[in-house]
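Please read the structure below before turning to the comments.
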């Protein structure tokens, strides 16, 4: 409800701006409507070959430029035949922006992107992820906008960005009858009780702060960042009580404070762009295999190295390797001490760039499980695309990708942008 009130307030502000400028008749000319509509349908690769994805979505964008202030509102309307909880309408983004001489400020629900990785979030931690359909959505769809105030100082070679997030927004995970939900198997004799997630109250002391300084030199870009806020993922604390011939396990999901220090860089050379990221997560909670307690607090380092290659003839090759190392490791932790994944993304444009063939692979080197996507995107006419693709999950079912083997699918998407 707060988001709808915010959107309404933005419309009122834009209208007031037009009236203030004495340009009520010019109001409509300062507005621009755009958006897209898409539908996707899939069929499973494994018997009984049931659909995994089936939805239609409309996105409407309204932008207004009133000289001293710029506004943006985008709304979604979705019908999801496979995940009923996704059906409905929602405000995606709603913000106002003012640009000054060497600075700008943006206030409202907005998408903030950090880092330089392709399809991977290392320092890109401002917007929480939406894993309703695991990682099969594009990263632009996985990022959930946050209500924030963003202030930037823009220099010739150095930019400084300060972000204040007054209201916490948690990551979104699949649950209930969602085909992407993963259930936990508990030993016989345990009676499990899960409490509601303990999210931070809305208060000034519970707000989040982030700062990034970016430098742009000849042939080299880099940035350093710090984030102090809440972990998007809840830690599942457990407490076991034995008696009466059985054991009751009480699970209490809770979000905890953490600090993240980040560095990233990009260096072009010839047909290549070399990229790197590193983030130190201080005070994160990790799940354990021990029944009592369930979590341990540890520091961790996430890192990424990647290269983009554009050899010509409309070919693009992107290769990455990234991982996470848990410091002061304990053998009871459920995650690996050092978890490493590689990615490879190859694409080729054909038919005067109306047809794009692409192939993307995520391969985890610890569990040797993988996620592979192949797709063909054909632009029939201006703004109208038909996309045929396949998502294949393989490897051990204990892995983060292999657990979704039954969700391997062939899908067809139609999208029209206007």
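In this note's numbering, the protein residues as written are 40 to 457. Cβ coordinates follow ideal geometry from the N, Cα and C atoms, glycine included.
Judged by DSSP secondary structure, residue 68 falls outside any alpha helix (DSSP H); it is assigned neither H nor E. By the neighbour-count criterion, in which a residue is buried when 16 or more other Cβ atoms sit within 10 angstroms of its Cβ, residue 175 is buried.
Judged by DSSP in its simplified three-state form, residue 243 adopts helix.
Where residue 290 is concerned, the enclosing beta strand (DSSP E) starts and stops at 285-293.
Under the DSSP definition of a beta bridge, residue 137 partners with 144. Between residue 243 and residue 267, the CB-CB gap reaches or exceeds 8 Å.
Each of 187, 126, 125 was checked against the Cα of residue 152, and the nearest Cα belongs to 187. For residue 101 against residue 72, the beta-carbon gap comes to about 6 Å, under 8 Å, which counts as contact. In this structure residue 238 is in contact with residue 294, their Cβ atoms being roughly 6 Å apart against a cut-off of 8 Å. Residue range 197-204 is occupied by the beta strand (DSSP E) that includes residue 204. The residue from 354, 369, 74 with its alpha-carbon nearest to that of residue 387 is 354.
Beyond the five residues adjoining it in sequence on each side, residue 183 comes within less than 6 Å, by CB distance, of 166, 167, 169 in the same chain, given in chain order.
By the criterion of a C-beta distance shorter than 6 Å, residue 399 is surrounded in its chain by 384, 412, once the five residues flanking it on both sides are discounted.
The beta carbons of residue 130 and residue 114 sit closer together than 8 Å.
For residue 179, the uninterrupted alpha helix (DSSP H) segment begins and ends at 178-181. Listed in chain order, the non-local C-beta contacts of residue 287 below 6 Å within the same chain comprise 230, 280, local neighbours out to five positions each way being set aside.
Burial is judged here by how many other beta carbons sit within 10 angstroms of a residue's own beta carbon; residue 185 has at least 16 and is buried. Contact check for residue 446 against residue 120 fails: the beta carbons are separated by 8 Å or more. One thing to note: residue 235 has its Cβ no nearer than 8 Å to the Cβ of residue 191. Residue 254 is bridged by DSSP to 197, 261.
In this chain, the beta strand (DSSP E) harbouring residue 233 covers 229-233.
Contact between residue 408 and residue 434 holds, with the beta-carbon distance rounding to 3 Å and staying under 8 Å. Between the C-alpha atoms of residue 161 and residue 343 there is a straight-line separation of about 7 Å.
In the assembly as shown, residue 92 is a buried residue. Its beta-carbon has 16 or more other beta-carbons within 10 Å.
In the assembly as shown, residue 331 is an exposed residue. Its beta-carbon has fewer than 16 other beta-carbons within 10 Å. Take residue 324, set aside five residues on each side of it, and the residues of its chain with a beta-carbon closer than 6 Å to its own are 274, 295, 334, 336, in chain order. In this structure, the CA atom of residue 79 is about 14 Å from the CA atom of residue 125. Along the region 349-437, the beta strand (DSSP E) occurs as fully enclosed runs of 3 or more residues at 354-365, 377-389, 394-403, 409-420, 423-433, listed in sequence order. CA-CA distance, residue 312 to residue 350, rounds to 12 Å. Leaving aside the five residues that flank residue 367 on each side, the residues in its chain whose CB is nearer than 8 Å to its CB run, in chain order, 337, 338. Of the candidates 419, 378, 401, 419 places its Cα closest to the Cα of residue 391. Of 67, 253, 95, the smallest CA-CA separation from residue 127 is found for 95. The three-state reading of DSSP puts residue 160 in coil, since its state is none of H, G, I, E or B. For residue 329 and residue 371, the gap between their C-alpha atoms comes out near 7 Å. No residue range can be given for residue 91, since it is assigned to no beta strand (DSSP E) and is classified by DSSP as neither H nor E.
DSSP places residue 105 in no beta strand (DSSP E); its state is neither H nor E.
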